[in-house]
Each structure stands twice: as structure tokens, then as C-alpha cells.
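Participant: Take this structure first; my questions come after.
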Amino acid sequence: MRDVAEREGDGQSPRVALVTGAGGGLGGECVRTLLAHGLHVFASDLTTDLLGGLDAGEAPGRLSLRALDVTDPAAVDALVADVLAEGGRLDVLVNLAGVVRNQVLHKIADTDFGLTISTHVLGTMHTMRAAAPAMRSARYGRIVNMSSIAVRGSIAGSAYGAAKGAIEGMTRAAAMELAPHGVTVNCVAPGVVDAGMFRTVPKDYQEQSVARVPMRRPGTAREVADVVAFFSSPAAGYVTGQSLFVCGGLSLGF
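According to UniProt numbering, the sequence shown holds residues 1 to 254 in order.
Printed below as a string of C-alpha cells:
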């Protein structure tokens, strides 16, 4: 069995990560954090224009930008094949792609509910399904999925809560299936984070949300990214099937 030091890289080629939804505030921070840990990161989003905030100069030769619609299984399969061809390996998969259709239950349209489930749940399944064979063959892999405090109930809506609940269930099932092959699968569940959607809501809602957090402040994208980096690392080799809230204690109130 290969030891932890070998799994970190062979001294010549860095570990390779694929990050979906990398164009958002949280996604970009996860990419930068993984780059800081020495990984070669393939950052993807619906279009490469959405990845404009990422600077390849920060990690010459270790940041590759790709367009990807995670709801398209053929596109996902093609990108994973591209990553394996260019990077020579796929050690880490971070699933951040998602959408929010914030509508109350009695008004949400089937199309909006379906898009939420398709992007979050099917998208996560598509990437895990595509990445699993290479990780199984290598007998090493780290898959990190994105859940949310919304699994405990959220004004983000029933579609979003349903999607995140499904991702947690899928994570546990995949963790059991892949554990014998040296592959871990975990979830990170952020609470109120000062990034992305939170910055677009009215100031009074931001203040109300933060007031519910025992630590009395929002989290930062870097605090979430650091947990993603841990689950992505050799140090998390004996942790699988878990969902870790990064929420300043907010989950304690549910």
C-alpha cells in the first residue's frame, strides 16, 4: 500500500484537482486554497468568462480553466478524460456547481425545481460517476461535495433544501461504496458566509442572518475553503461519509 507521503505527489507531478462551480466567490477561494497547497487545479464553470477572477500567474502551469455544464453527462465525461490526459491523474474532485431558485413552495415552478435538482444532484452524480473509475484504479481519491445549513431548513427554499439533502445522502452512499478502494467522500455544509448569494440580499436580511449565528459574524470564503482543503488532503485519509457544518454554531440552534 502506498504511504501518505507518496500520495501527496511523486516529487515531479503535483496532485490534480477538478473543481466545478469555480467562478463564484466560494469556488474561487477553494481554487486559490488548493493552489496554495501545491495542487494542479482544473477550475470549471458554465463558461470560462465566469472564471475571470482567477489568476493563472499565481500558480504558473498549475491552473487550467475549462467550461463545463455539469448537467450534461457527456460534457462531464469529456472533461474528466481531458483532466486525466493533461494532468496524468485525478486525485481530488470538489463539487461546487449550483443554482438557487428562491421561491416559496406554493409558487415554485417545476422547471425551477427541476433545474435546482439537475444542477446540484445530477451534476454531483455526473462528476462522481466520471471520476470514480480513475480513483478506484489509483486506489486513492478525495471527493468533496457541497451541502448547506439549508438541510436543516432555510428560506433558500424547498428545492435548494431538497437538493442539499439528496447530496448528503448520496455522499454517504458513495463513501461506503468507494471506501474499500481508498477513496473518501465527504460534504462541507456552510452556514452564513460573506460571499456569493449572501452579498446580494438586502442589508437588513444580512443583519438578521448574522444575529442568529452564535459567533455573531458571517463566515468567510477562506474558512470554508480551508475545510475543503482538509477533506481534499492526505491528512483526511480516515475520514469519509461525513458532513461538516462550517457555520459558527448556527446548526446548534436547529
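All residues carry an ideal CB built from backbone N, CA and C; glycine is no exception.
(1) By DSSP, does Met215 sit in helix, in strand, or in coil?
(2) Please classify Val104 as buried or exposed, where buried requires at least 16 neighbouring CB atoms within 10 angstroms.
(3) Count the other CB atoms, across all protein chains shown, that sit within 10 Å of the CB of Met176; report buried if there are 16 or more and exposed otherwise.
(4) Say whether the stretch 13 to 33 touches the stretch 45 to 54, bearing in mind that this needs 3 or more beta-carbon pairs closer than 8 Å, one atom from each stretch.
(5) For my contact list, Ile167 and His120 are in at a C-beta cut-off of 8 Å; report their separation, rounded to the angstrom.
(6) Name the DSSP beta bridge partners of Met176, please?
(7) What did DSSP end up calling Ser232 once you bin it into helix, strand or coil?
(8) Where Ala132 and Leu244 are concerned, what is the direct C-alpha to C-alpha distance, given to the nearest angstrom?
(9) In this structure, how does DSSP classify Thr111 when only helix, strand and coil are distinguished?
(10) Between which two residues does the beta strand (DSSP E) holding Met197 run?
(11) Are there 16 or more other CB atoms within 10 angstroms of the CB of Leu68, so buried, or fewer, so exposed?
(12) Can you check which of these residues, Phe113, Leu90, Glu86 and Ile108, is closest to Gly98 by C-alpha distance?
(13) Assuming residue 271 contacts Val94 (C-beta within less than 8 Å), just tell me the rounded distance between them.
(14) Hey, out of Tyr205, Leu122, Thr111 and Phe231, whose CA is closest to Gly141's CA?
(15) Could you pull out every residue in the same chain whose Cβ sits closer than 8 Å to the Cβ of Arg222, ignoring the five residues on either side in sequence?
(16) Over what stretch of residues does the alpha helix (DSSP H) that includes Val16 continue unbroken?
(17) Within 10 angstroms of its Cβ, does Pro60 collect 16 or more other Cβ (buried), or is it exposed?
(18) Do Cys187 and Gly219 count as a contact pair if the criterion is CB distance below 8 Å?
(19) For Leu252, count the other beta carbons within 10 Å of its own beta carbon; 16 or more makes it buried, fewer makes it exposed. Which is it?
(20) Return the CA-CA distance between Gln242 and Ile143, expressed in angstroms with no decimal places.
(21) Quick check on the DSSP output: what are the complete beta strand (DSSP E) runs of length 3 or more inside the stretch 25 to 51, in order along the chain?
(22) If we ignore side chains and look at the alpha-carbon of each, how far apart do Ala211 and Gly161 end up?
(23) Can you give the beta carbon distance from Met146 to Leu96, rounded, assuming they're within the 8 Å contact cut?
(24) Using CA atoms only, rank isn't needed, just tell me which of Ala36, Thr116, Ala81 and Val83 is closest to Gly165.
(25) Relative to the C-alpha of Ala56, which residue among Val70, Thr71, Ala75 and Ala36 is closest?
(26) Name the DSSP beta bridge partners of Leu244, please?
(27) Would you list the residues sitting across from residue 269 in a DSSP beta bridge?
Facilitator: With the given structure in hand:
(1) Residue state, collapsed to three classes: coil.
(2) By the C-beta density criterion, Val104 is exposed, having fewer than 16 other C-beta atoms within 10 angstroms.
(3) Classification of Met176: exposed, given that the 10 Å Cβ count is below 16.
(4) Counting Cβ pairs under 8 Å, three or more are found: they touch.
(5) With a Cβ gap of about 6 Å, Ile167 and His120 count as contacting.
(6) Under DSSP, no beta-bridge partner is assigned to Met176.
(7) When secondary structure is reduced to three states using DSSP, Ser232 falls in the coil class, being assigned neither helix nor strand.
(8) Their Cα atoms are separated by approximately 22 Å.
(9) Residue state, collapsed to three classes: helix.
(10) Unbroken run through Met197: none, as it is neither H nor E.
(11) Leu68 is classed as buried because its beta carbon has at least 16 other beta carbons within 10 Å across all chains shown.
(12) Selected option, being the one with the closest Cα: Phe113.
(13) Here the chain covers residues 1 to 254 and nothing more, so residue 271 does not appear.
(14) The closest CA to that of Gly141, considering only Tyr205, Leu122, Thr111 and Phe231, is found on Phe231.
(15) Same-chain partners within the cutoff: Glu29 and Thr33.
(16) Note, Val16: premise wrong, no alpha helix (DSSP H); beta strand (DSSP E) at Val16 to Thr20.
(17) Taking all protein chains in view, the Cβ of Pro60 is surrounded by fewer than 16 other Cβ atoms within 10 Å, so the residue is classified as exposed.
(18) Contact flag unset, no.
(19) Note on Leu252: under 16 other CB atoms within 10 angstroms of its CB, so exposed under the neighbour-count rule.
(20) Cα to Cα, Gln242 sits roughly 11 Å from Ile143.
(21) Segments of the beta strand (DSSP E) lying fully in the stretch 25 to 51: 40 to 45.
(22) Across the structure, Ala211 and Gly161 are spaced so that their CA atoms are roughly 21 Å apart.
(23) Yes, they are in contact, since the Cβ atoms of Met146 and Leu96 sit about 5 Å apart, within 8 Å.
(24) Comparing Cα-Cα distances from Gly165 to each of Ala36, Thr116, Ala81 and Val83, the minimum goes to Thr116.
(25) Residue Ala36 is the option with its Cα nearest to Ala56.
(26) In the DSSP secondary-structure assignment, Leu244 is bridged to Val188.
(27) Residue 269 lies beyond the range of the chain shown here (1 to 254); nothing can be said about it.
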